[in-house]
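J.: Numbering (our numbering), first residue to last: 7 to 97. A virtual CB, placed ideally from N, CA and C, is assigned to each residue, including glycine. Bear in mind that the values here come from a model prediction, so they are computed numbers and not experimental data.
#1: Give the DSSP bridge partners of residue 9, in chain order.
#2: Roughly how many whole angstroms lie between the Cα atoms of residue 27 and residue 60?
#3: Quick check on the burial criterion: 16 or more other C-beta atoms within 10 angstroms. Buried or exposed for residue 83?
#4: At what residue ranges does the region 26-92 contain a whole run of the alpha helix (DSSP H), taking only runs of 4 or more?
#5: Just how far apart, CA to CA, sit residue 92 and residue 51?
This is the structure we're talking about:
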């Protein structure tokens, strides 16, 4: 599965980047998401994207951002999800 980046370039889906984003965003709020939990969150995101786009599908960073926000909420990290989703809108 490939991801269309903001600059239009494509790269392969990397679950580790999603996990790190979740972990770092939680850290911004003085909360902790463990590496294991980050991996589980990223796996859920991948599963959802694969259901939508298929194994060889094409997604975007915008779609991944939205799905990651929703998965964070499902894991009980509502404040982290809100910070993550709103953080991308700041100038």
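T.: In terms of the structure at hand:
#1: To locate residue 9, count along the chain shown from 1; it is residue 3. Per the DSSP secondary-structure output, residue 9 pairs in a beta bridge with 17, 65.
#2: Here residue 27 corresponds to residue number 21 of the chain shown, with the count starting at 1. Here residue 60 corresponds to residue number 54 of the chain shown, with the count starting at 1. Going by the C-alpha atoms only, they are around 23 Å apart.
#3: To locate residue 83, count along the chain shown from 1; it is residue 77. By the Cβ-count criterion, residue 83 is buried, with 16 or more other Cβ atoms from all chains shown falling within 10 Å of its own Cβ.
#4: Taking only runs of at least 4 residues, the alpha helix (DSSP H) segments lying wholly in the region 26-92 are 41-59, 67-80.
#5: As a working mapping, residue 92 is identified with position 86 in the chain shown. As a working mapping, residue 51 is identified with position 45 in the chain shown. Approximately 18 Å, taken between the alpha carbons.
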